[in-house]
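*Asks:* Be aware that the sequence shown starts at 309, since it is given in our numbering, and climbs by one per residue. Dumping the structure here so I can ask a few things about it.
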Amino acid sequence: MEDIIKKTEKYVMHTYHRFPVCFDHGEGYYIYDINGKRYIDFLAGIAVNALGYHVKPVIEAVDEQKEKLFHVSNLYYIKEQAELAELLVKNSCLDKVFFCNSGAEANEAAVKLARVYGGKKRPNIITMEGSFHGRTMTTLAATAQKKYHEGFRPLPPGFVYVPFNDIDAADKAMNGSVCALFIELVQGEGGINVADFNYVKKLKKLCEERGVLFCVDEIQSGMGRTGRLFSYEWYDIEPDIITLAKAFGGGLPLGAMLAKEKVAQCFKPGMHATTFGGSPFCTKVAKAHLDFLLSSNIIDEVSKKGDYFKKGLQKLKRFPVVKDVRGVGLMLGMELDSNSDSLRNFVLRAMDAGFLLGVAGENVIRFEPPLIIDYKSIDELLVFLEKELVKM
Ligand SMILES: Cc1ncc(COP(=O)(O)O)c(C=O)c1O
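Below is the structure:
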């Protein structure tokens with residue numbers, strides 16, 4: 309371990325504040341470090357490993373495709389890509405898919421498409437305070453959290469920030485210069501904040517009345533995480549654009565931007581592209597992953613497990629240090645009256661005890677386990693949390 313830390317510190321750029329552990333393999337919702345220590349994973353690679361580790365249908369797809377092709381250019385037709393696009397369209401309210409490699413790229417594509425749709429007179433995009441849309445310059449600008457902007461200004465213009473869950477502010481901001489509104493219906497990095505049902509309904513109506521595209525960033529909340537394939541399904545609305553990444557690739561880097569036909573047709577050949585997006589390898593694996601997710605009862609179980617988990621967390625509100633518990637499905641957060649340093653220590657103590665946890669926002673412990681997590685593991689974590697909170 310010492311050697312790995314030394315090499316990483318010496319040769320890898322210091323863009324992460326890493327925890328002192330290195331993982332070797334996983335099985336189900338367990339992940340093992342290089343010393344053989346077992347952890348119950350309550351973070352899933354930050355909402356990536358939705359089906360946990362060593363997933364048979366995914367491995368079979370890898371095995372099959374590794375003998376054929378990893379990459380071919382998008383200058384040619386790609387069978388696996390077409391099949392995955394068809395599956396996505398048939399299971400969403402969107403009509404066309406653009407494939408890329410990450411969440412930031414998916415949102416970049418959405419920004420470009422919205423700008424083309426809006427035309428020269430309507431370049432502006434409304435985003436929500438507390439949002440997170442990526443780390444490229446444009447998605448940073450879309451991310452309405454100043455702390456991510458420090459040191460990188462000037463950022464691309466054309467983003468208007470409004471408070472989350474505030475319909476009057478959105479109403480005021482939605483003038484004739486606005487082509488689109490981007491929202492995470494459950495904000496992930498911002499601290500697990502859930503959009504109110506009535507707010508979203510009204511927001512969607514405003515967008516329709518004013519010809520503004522309603523774009524949902526499903527990068528963290530999608531692929532069953534909230535108990536529906538996509539979080540927008542909870543709100544009984546149809547977005548014009550959604551973006552996917554994280555769990556979408558089944559562990560491989562794959563992103564997508566999906567749009568309604570009337571919007572998608574604004575992109576003409578040559579207007580947007582990426583070398584690797586939608587490769588036969590990534591799309592074959594992602595389709596196997598999505599097929600499995602859709603053909604099992606895993607997503608249906610997410611709500612039940614999530615409700616059980618949330619109730620358990622809510623009982624911990626009797627400790628004064630627990631300020632709030634929130635979230636949907638298996639995208640949950642526990643806000644503590646505590647600063648980020650002590651949250652890091654909290655996560656370290658959880659690792660000692662064999663649990664992987666995350667942090668979101670300034671003071672929220674984030675729980676986003678593989679969707680296959682069981683009740684027994686949730687109970688074990690709740691016992692640990694209780695013991696820790698007693699000490700705090
Ligand atoms: C909601 C949301 N959008 C976009 C992104 C950026 O995705 P990526 O890191 O794949 O670029 C993230 C990553 O955390 C996210 O949670």
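We put the beta carbon where it would ideally sit given N, CA and C, even for glycine.
#1: Along the beta strand (DSSP E) that carries residue 338, what are the first and last residues, could you check?
#2: Please specify which runs of the alpha helix (DSSP H), each continuous and at least 4 residues long, are wholly inside the stretch 623–661, giving them in chain order.
#3: Contact defined as beta carbons within less than 8 angstroms: I believe residue 527 pairs with residue 635. What is the distance between those atoms, to the nearest angstrom?
#4: Have a look at the DSSP bridge pairing and note the partners of residue 563.
#5: What does DSSP give as the partner residue(s) for residue 469 in the beta ladder?
#6: Tell me the residue span of the alpha helix (DSSP H) that contains residue 352.
#7: Rounded to a whole number of angstroms, what is the C-alpha to C-alpha distance between residue 544 and residue 506?
#8: Grab the span of the beta strand (DSSP E) containing residue 674 for me, first residue to last.
#9: Just to check, is the beta-carbon of residue 539 closer than 8 angstroms to a non-hydrogen atom of ligand 1?
#10: On a CA-only basis, which of 608, 671 and 448 is nearest residue 440? Give me that one, please.
#11: Is the stretch 606–623 close to the stretch 367–375, with three or more CB pairs under 8 angstroms?
#12: Going by DSSP, name the residue or residues bridged to residue 722.
#13: Do you know whose CA, among 338, 345, 337 and 322, lies nearest residue 309's CA?
#14: Under a three-way DSSP split, which group does residue 440 fall into?
#15: If we count Cβ pairs, one from each stretch, closer than 8 angstroms, do we get three or more for the stretch 636–651 versus the stretch 324–339?
#16: Apart from the five residues on each side of it in sequence, which residues of its chain come closer than 7 angstroms, Cβ to Cβ, to residue 337?
#17: By the three-class DSSP mapping on this structure, what secondary structure does residue 333 have?
#18: By the three-class DSSP mapping on this structure, what secondary structure does residue 605 have?
#19: Can you have a look at residue 390 and say buried or exposed, based on whether 16 or more other CB atoms are within 10 angstroms of its CB?
#20: Please confirm whether any heavy atom of ligand 1 lies closer than 8 angstroms to the CB of residue 443.
#21: Using the three-state DSSP reduction, which class does residue 593 fall into: helix, strand or coil?
#22: Taking the alpha-carbon positions, what's the residue 579 to residue 433 distance?
#23: Using beta carbons (cut-off 9 angstroms, strictly below), is residue 565 in contact with chain C?
#24: Is the CB-CB distance between residue 419 and residue 393 below 9 angstroms?
#25: Comparing C-alpha positions only, which one of 671, 358, 377 and 521 sits nearest to residue 535?
#26: Taking the beta strand (DSSP E) that residue 346 belongs to, which residues open and close that run?
#27: What would DSSP say about residue 666, mapped onto helix, strand or coil?
#28: Shortest alpha-carbon distance to residue 343 belongs to which of 591, 312, 355 and 322?
#29: Looking at residue 501 and ligand 1, is the gap between the Cβ and the nearest heavy atom below 8 angstroms?
#30: Quick check on residue 361: does DSSP put it in helix, strand or coil?
#31: Write down the C-beta distance between residue 574 and residue 520 rounded to the nearest angstrom, noting that I regard them as a contact closer than 8 angstroms.
#32: Taking the C-alpha atoms as reference points, what is the distance between residue 657 and residue 665?
#33: Please tell me whether residue 594 and residue 382 are closer than 9 angstroms, where the distance is taken between their beta carbons.
#34: Could you tell me which residues DSSP puts in a beta bridge with residue 495?
#35: Nearest to residue 493 by CA position, among 509, 481 and 395, is which residue?
#36: Looking only at C-alpha atoms, which of 687, 655, 524 and 423 sits nearest to residue 623?
*Replies:* Taking the definition as stated:
#1: From DSSP, the beta strand (DSSP E) with residue 338 extends over 338–341.
#2: Counting whole runs of 4 or more residues, the stretch 623–661 contains the alpha helix (DSSP H) stretches 648–660.
#3: With a beta-carbon spacing of about 16 angstroms, residue 527 and residue 635 fall beyond the 8 angstroms limit used to define contacts.
#4: For residue 563, which the question treats as bridged, DSSP gives the partners 408.
#5: Answer is 435.
#6: Looking at the DSSP string, the run of the alpha helix (DSSP H) that includes residue 352 is 352–355.
#7: CA-to-CA, the gap between residue 544 and residue 506 works out to about 11 angstroms.
#8: Residue 674 -> beta strand (DSSP E) spans 672–675.
#9: No; taking the cut-off as 8 angstroms, the Cβ of residue 539 has no heavy atom of ligand 1 nearer than that.
#10: Closest option to residue 440, judged by alpha-carbon separation, among 608, 671 and 448: 448.
#11: Not touching, per the Cβ criterion.
#12: This structure does not reach residue 722, given that the chain is present from 309 up to 700, and the question cannot be answered.
#13: Nearest C-alpha to residue 309: 345.
#14: In the three-state scheme derived from DSSP, where H, G and I count as helix and E and B as strand, residue 440 is classed as coil.
#15: At 8 angstroms Cβ cutoff, the stretches do not touch.
#16: Close CB contacts of residue 337 within its chain, under the 7 angstroms cut and outside five residues either way in sequence, are with 348, 349, 360, 677, 678, 680, 681 and 685 (chain order).
#17: In the structure shown, the three-state DSSP call for residue 333 is strand.
#18: Of the three classes helix, strand and coil, the one that applies to residue 605 here is coil, per DSSP.
#19: It is exposed - the Cβ of residue 390 has fewer than 16 other Cβ atoms within 10 Å.
#20: Inclusion of residue 443 in the 8 angstroms shell around ligand 1 follows from its C-beta lying nearer than that to a non-hydrogen atom of the ligand.
#21: When secondary structure is reduced to three states using DSSP, residue 593 falls in the helix class.
#22: So the two alpha carbons sit approximately 20 angstroms from each other.
#23: Protein chain content of the structure displayed is limited to a single chain, and chain C is not contained in it.
#24: Inclusion of residue 419 and residue 393 in the CB contact set at 9 angstroms is not warranted, their separation being larger than that value.
#25: Ranked by Cα distance from residue 535, the options 671, 358, 377 and 521 are led by 358.
#26: Bounds of the beta strand (DSSP E) holding residue 346 are 346–349.
#27: Strand at residue 666.
#28: Checking every option, the nearest Cα to that of residue 343 belongs to 312.
#29: Outside the cutoff, so no.
#30: Here residue 361 carries a strand assignment [DSSP, helix/strand/coil].
#31: The beta carbons of residue 574 and residue 520 sit about 15 angstroms from each other, so the pair does not count as a contact at 8 angstroms.
#32: Take the alpha-carbon of residue 657 and the one of residue 665: they are about 10 angstroms apart.
#33: In this structure, residue 382 does not lie closer than 9 angstroms to residue 594 by Cβ.
#34: In DSSP, residue 495 forms a bridge with 501.
#35: Looking at the Cα atoms, 509 is the closest of the given residues.
#36: When C-alpha distances from residue 623 are compared across 687, 655, 524 and 423, the shortest belongs to 687.
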